[in-house]
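In UniProt numbering, the protein residues as written are 1 to 97. A virtual CB, placed ideally from N, CA and C, is assigned to each residue, including glycine. These notes concern the structure reproduced below.
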């Protein structure tokens, strides 16, 4: 089996949860907080890391007169997540990668 370097983004349960939720749709910070049961601080730190790696991008906007932040996965984030999932599938199936 070839060696696969797991991206740092996927070495955290919370970052994996964030990416797995964002792969299907854009979400507000408050929605991600509910889905992940993370604290504001931890969620914010992990989202900033994902943004710095260009896996996730954010947009600040007004919703019902209130400032909110919406997050979405980037093309790079999708590509890296798909490669990670492919790697996991190959490990489970015992195939060379």
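Item, Value
"So is residue 77 buried or exposed if we call it buried at 16+ other beta carbons inside 10 Å?", "buried"
"Hey, quick one: how far does the beta strand (DSSP E) through residue 84 stretch, first residue to last?", "No beta strand (DSSP E) holds residue 84; the alpha helix (DSSP H) holding it covers 75-93."
"Where residue 59 and residue 34 are concerned, what is the direct C-alpha to C-alpha distance, given to the nearest angstrom?", "19 Å"
"How should residue 1 be labelled, buried or exposed, when 16 other C-beta atoms within 10 angstroms of its C-beta is the threshold for buried?", "Caution applies to residue 1, whose pLDDT of 43 falls short of 50 and renders its modelled position unreliable; the value that the coordinates give is listed next. The residue in question, residue 1, is exposed, as its Cβ has fewer than 16 Cβ neighbours within 10 Å."
"Please go through the segment 14-47 and give each complete alpha helix (DSSP H) segment of 4 or more residues, from N-terminal end onward.", "29-36"
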